[in-house]
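In full-length UniProt numbering, the protein residues as written are 1 to 894. Here is the structure we will look at.
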């Protein structure tokens, strides 16, 4: 690495860095950010990073060592290439430990140990109010995922917390399991997992969807032996994840050592087409003020999307607990979101940050099918299977719980479940029920002005007519029926039975134009579209099939502002646009049976379309659709496919080159395009995929991967996450006590892998689990388990067919093998010795039996005299001891 420039004269010490570039191939501006020990953030924006970063020094005094020195005080002289910005006072004197830039909404995220400003999310331009997360001991680290709309933090209190980035008051969940401070966290978006790493070299893998610990790996660095806590840097984890690549890995740094943990290939289900939600959608609605789309699903999740790019902005989970969302609407100011659920609950949200502003008192534990906010009248209305119109006071913005007001002056006139609600400002309200009736109300007096019977030929039923229905349901015996979009069959019911009204829509422009005789209300039931006049003498002006399939229904309708184009969608997934400019403008003698001209027709979804909306935008007219196939899609008004909310690629409404068109969701090219990445990730079905595999390298260190984890089934009472674990053959050598302690810690850690559901944990002191056996007995048990694992590693894979091979191939088992014995035939003429001849043996008479009994011993006669001569040896002649002593004394005297 070559140092090109040196930046001098910084006021404070930098603690963390972040660099952002938009496109490395183009010379577009990039940013270098750092946080210092004073709690400030400095931003250097390089205007042409590939051309030049700073001005060159042309003075004669500039030497080779000083010409690349840049001083902070002189940055104004380099304004052609770089701009310096300071965001001060973010953490007010606390060192910034981590900094990250979020490009899609121009946000900066910083973290520190301050309990008052643990994590701060600020707008770089300073136009928005910052989001401040407070933790008692601050944070060591954090990571952010735009795709998952998730913020993960690690703190000194051993906890990992998952947050909604726009809800700082309370975390989504708290993950327990570490025994020391969490010093780094990384979000793995592809598998929706979080890696957390603590100071005692413990790495944990968490599943984001159900908040469970999938795997625990205790790394054995040389510096962590003998119970010492290793010294890590500020950024010990680095995730190198390339989807479908076998080289994807997680790197862990500790002092002079690096651990490489290989990420296994994950075999996703065959259905890899992008989905908006994990569950069927109930609706998708457009906010014209913020230019956002909000989608709701049956799993009680809400998602906010950027309409102009398709990017995900915000996610609400468990909006109504486990109950499915059944209705959605914005208030009159387009600033609040109102949702109703199947259990009768209604909530009001600030959909910009996810705050629940109000909870409305439910009138019945039954489905809410329509919600309406009347800002000028300062109240809200809800309808549903309770059959009543309920009011809620909306004048007090600080009132968290709003009680139901049953003072609707019109009373309860519906005798069956209300399925839909339509509003035409300022004073018209219409409600449609399961028994085929439409009631039109005036909001001035809250009185009924017209009753429309969709089951009769004329369609007229005056407000005073209280004729008994054919399908009256007695009070207290209401039937439990599925929502219209969940019905198994959409075939028209037999004659004589009620036909539910699935959808109603006011044509507001015709009402404002005072077309008193024209059809101003559209209803859909059993696939038939009916056109109603509510001011003239004749009510039913026209009816026709709204779908080309006789057994399907129309569940979604919308219209443009001037009421010239009607959009309908059926339960087969087809979307229709109709030219209704002159349709049913004046009453005729007979009910109009012909269909209006179809402008465009295309199939948009695989299953029933539950909502459509005609959107008039500055870049053109578009159609938003949502379906039970878990997708929300955007189309041009003539049916060109723009994209699916949730896909990876962004779109630009003004640039058709960014649209999926000319492909459509059902073309083979589109399906291949969406699945090409998943095909690369497929592996053989016989191979076992591993979520996390520790790769041991000789030049790094030995990893403590806990290879005895496959025998965790000895604890059947524990509910352990069923995930692949690391497998490695043990070396055939003696096992040391330190290795026993290493494996014991991993074995004990397996007791912590108990599945925990989504909840918030209390902060409490954690204690290591105690063993029921003595230390000596436990060590002996572990030693026997390791010995058994060694034998499996050494001999478990022996192929008996390879132990005896022939030719030039040889193996150690062949050397030790016992060869078979063959019968050998003696030759006819064997050589004989002189002694054998003396004993009477000849070469022709020798056979195998004679050789076995042959006596070849040598007889030696006993010669005593000769033995005596042999044993007789001359003895050495030495003087006696007395004579030798006398000789020595005489020698000394002389």
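A virtual CB, placed ideally from N, CA and C, is assigned to each residue, including glycine.
Taking the beta carbon of residue i as the centre, do at least 16 other beta carbons fall within 10 Å, making it buried, or is it exposed?
i           : result
residue 4   : exposed
residue 140 : buried
residue 598 : exposed
residue 106 : exposed
residue 278 : exposed
residue 768 : The predicted position of residue 768 is uncertain, since its pLDDT is 39 and thus under 50; a value taken from the coordinates is nonetheless stated next. Classification of residue 768: exposed, given that the 10 Å Cβ count is below 16.
residue 6   : exposed
residue 589 : exposed
residue 91  : buried
residue 178 : buried
residue 99  : buried
residue 825 : exposed
residue 242 : exposed
residue 837 : exposed
residue 433 : buried
residue 336 : buried
Give me whichever residues DSSP pairs with residue i in a beta bridge.
i           : result
residue 424 : 428
residue 525 : 528
residue 87  : 41
residue 401 : 359
residue 212 : 207
residue 306 : 292
residue 249 : 240, 262
residue 202 : 218
residue 384 : 368
residue 569 : 556, 575
residue 346 : 340, 360
residue 611 : 626
residue 8   : 71
residue 503 : 524
Straight-line CA distance for residue i to residue j?
i           : j           : result
residue 897 : residue 292 : With the chain running from 1 to 894 in the structure shown, residue 897 is simply not present.
residue 232 : residue 195 : 16 Å
residue 41  : residue 138 : 18 Å
residue 316 : residue 163 : 11 Å
residue 771 : residue 782 : Any reading at residue 771 needs caution, since the residue's pLDDT is 46, under 50, leaving its predicted position unreliable; the model's value is listed next. Going by the C-alpha atoms only, they are around 13 Å apart.
residue 120 : residue 86  : 16 Å
residue 558 : residue 567 : 5 Å
residue 309 : residue 625 : 16 Å
residue 294 : residue 628 : 16 Å
residue 28  : residue 47  : 7 Å
residue 537 : residue 516 : 10 Å
residue 252 : residue 156 : 19 Å
residue 217 : residue 170 : 29 Å
residue 249 : residue 145 : 19 Å
residue 592 : residue 173 : 59 Å
residue 19  : residue 303 : 29 Å
residue 22  : residue 30  : 7 Å
residue 176 : residue 573 : 45 Å
residue 82  : residue 123 : 20 Å
residue 394 : residue 356 : 15 Å
residue 618 : residue 246 : 46 Å
residue 206 : residue 654 : 41 Å
residue 611 : residue 376 : 27 Å
residue 446 : residue 532 : 21 Å
residue 71  : residue 10  : 8 Å
residue 358 : residue 262 : 48 Å
How close, in whole Å, do the beta carbons of residue i and residue j come, if the pair is a contact with beta carbons under 8 Å?
i           : j           : result
residue 577 : residue 600 : 5 Å
residue 543 : residue 529 : 7 Å
residue 328 : residue 259 : That pair is no contact at about 48 Å.
residue 388 : residue 406 : 7 Å
residue 274 : residue 297 : Not really, about 15 Å apart at Cβ, beyond 8 Å.
residue 322 : residue 301 : About 11 Å separates the two Cβ atoms, so there is no contact after all.
Requested in this report: Take every Cβ of the stretch 209 to 227, pair it with every Cβ of the stretch 238 to 247, and state whether three or more of those distances are shorter than 8 Å.
Outcome: no
Requested in this report: Determine contact between the stretch 371 to 380 and the stretch 180 to 194, defined as no fewer than three beta-carbon pairs at a distance below 8 Å.
Outcome: no
Requested in this report: Check whether the stretch 422 to 438 touches the stretch 401 to 408, counting contact only when three or more Cβ pairs, one atom from each stretch, lie closer than 8 Å.
Outcome: no
Requested in this report: Would you check if there are 3 or more beta carbon pairs closer than 8 Å linking the stretch 501 to 508 to the stretch 405 to 413?
Outcome: no
Query raised in the report: Is there contact here, the stretch 578 to 588 with the stretch 531 to 551, by at least three beta-carbon pairs under 8 Å?
Result: yes
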